[in-house]
Amino acid sequence: MVNEQKTAKEVESDRQHHIDRSIVILGAGNMGSALMKGIINANLTPTAKITACGVHLDKLQRLSAQWRVNHTLNLVEAVEAAEIVLLCVKPQTLPKVLAQVRQAVRKDQLLISIVAGVKIAFIQNAIGQQVAIVRSMPNIASTVDEGAAAVAFGEFVSEEQQRIAVSIFEAVGEVVVVAEEQLDAVTGLSGSGPAYIYMVIEALIDGGVKMGLSREIATKLAIQTVLGSAKLVKESGLHPAILRDQVTTPGGTAINAIHELESHGLRSMLINAVATATRRSEELSKIISKS
Ligand SMILES: NC(=O)c1ccc[n+]([C@@H]2O[C@H](COP(=O)([O-])OP(=O)(O)OC[C@H]3O[C@@H](n4cnc5c(N)ncnc54)[C@H](OP(=O)(O)O)[C@@H]3O)[C@@H](O)[C@H]2O)c1
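In this note's numbering, the protein residues as written are 70 to 360.
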């Protein structure tokens with residue numbers, strides 16, 4: 070028995086987070102299946118109550134065999150049977166999917182959308198009734214349970230539904246609650262952020278190779294440096310500038326490298342990157358809303 074191997078604290082934690090609702094994932098692709106795995110691993114609801122939907126039966130069958138969840142190509146039937154509907158299709162596909170399932174949606178259901186740039190009001194209008202809608206911006210690190218997600222609640226979301234939505238994203242990382250207007254900034258920071266950090270890792274590797282390390286060794290060191298530095302900021306609770314000061318000895322290597330980075334405007338570059346991605350997210354959101 071699995072429970073016999075758990076501590077009382079773990080069992081209590083499971084009980085608190087157990088949501089025990091039927092969940093349908095409309096679009097069990099990269100993000101949809103990452104959330105599904107998180108829900109299963111965190112034991113939020115039994116696998117028999119989870120249904121994966123998509124367009125390619127072979128993909129769904131593989132997912133279903135691996136995770137013991139239900140699968141179907143029939144979105145309407147799946148939505149009818151669900152208490153929670155996760156909208157995980159691409160932005161351009163969402164209007165078609167909403168038009169398809171709108172008759173099946175009920176007022177007691179919770180809709181959770183991770184679709185970038187699509188506003189709660191758009192989904193509300195497409196469904197045509199007052200339904201509980203949560204909009205989220207997760208990131209790709211959800212696939213390794215280290216995601217950074219923000220959630221915004223629509224007008225008709227109850228406190229219980231808010232708790233459920235937070236539990237789902239907590240199953241794959243960290244979650245913050247924001248006003249919907251802030252989701253563009255979230256997209257600019259944590260939604261797009263993995264791309265910036267991949268560039269940093271890539272450049273650190275090249276730096277190591279330039280100075281004579283093998284690519285294999287440089288890669289290992291660069292990855293662990295980024296991972297370990299992030300972990301230290303998180304676990305120490307210290308401001309990154311304090312941690313930076315702690316590793317900067319007078320006249321040493323780090324302060325010379327920092328001077329180099331400052332002279333090329335590293336911090337301004339990253340601030341501008343977040344600002345530019347935020348503005349682009351606002352623009353895309355307007356385009357999607359008009360389509
Ligand atoms: N990837 C990210 O980093 C990220 C971050 C934040 C938010 N998002 C949002 O997450 C959503 C999904 O992104 P993704 O990267 O997971 O995309 P994805 O891997 O392409 O997944 C999309 C899924 O939608 C399914 N689908 C396509 N047409 C459908 C239809 N008519 N009915 C039902 N299912 C359908 C696809 O099915 P098949 O597999 O059968 O083709 C696929 O499983 C997007 O809206 C994106 O904006 C993504």
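Beta carbons: idealized from backbone N, C-alpha and C, even for Gly. Small disclaimer: the values here were computed from a predicted structure and weren't measured.
Asked	Found
Rounded C-alpha distance that separates V148 from Q178	9 Å
Nearest residue (CA-CA) to G107, options I192, L126 and A240	A240
Nearest neighbour of E152, chosen from K159, A173, M100 and Q169 [CA to CA]	A173
Residue burial classification, I119 (beta-carbon count within 10 angstroms, cutoff 16)	buried
C-alpha gap between L307 and A111, whole angstroms	29 Å
Whole-angstrom C-beta distance between S354 and K188, which should lie under 8 Å	7 Å
The stretch 317–329 in contact with the stretch 216–225 per 3-pair CB rule at 8 Å	no
Exposure of D314, with buried meaning 16 or more beta-carbon neighbours within 10 Å	exposed
Reduced DSSP secondary structure (H/G/I, E/B, other) of E271	helix
Cβ-heavy atom distance, G216 to ligand 1, below 6 Å	no
Any 3 or more C-beta pairs closer than 8 Å across the stretch 330–339 and the stretch 158–171	no
Exposure of T345, with buried meaning 16 or more beta-carbon neighbours within 10 Å	exposed
Given 8 Å, three or more beta-carbon pairs between the stretch 273–285 and the stretch 242–249	no
As assigned by DSSP and simplified to three states, the class of E224	coil
beta-carbon V93 near ligand 1 non-hydrogen atom, thresh 6 Å	no
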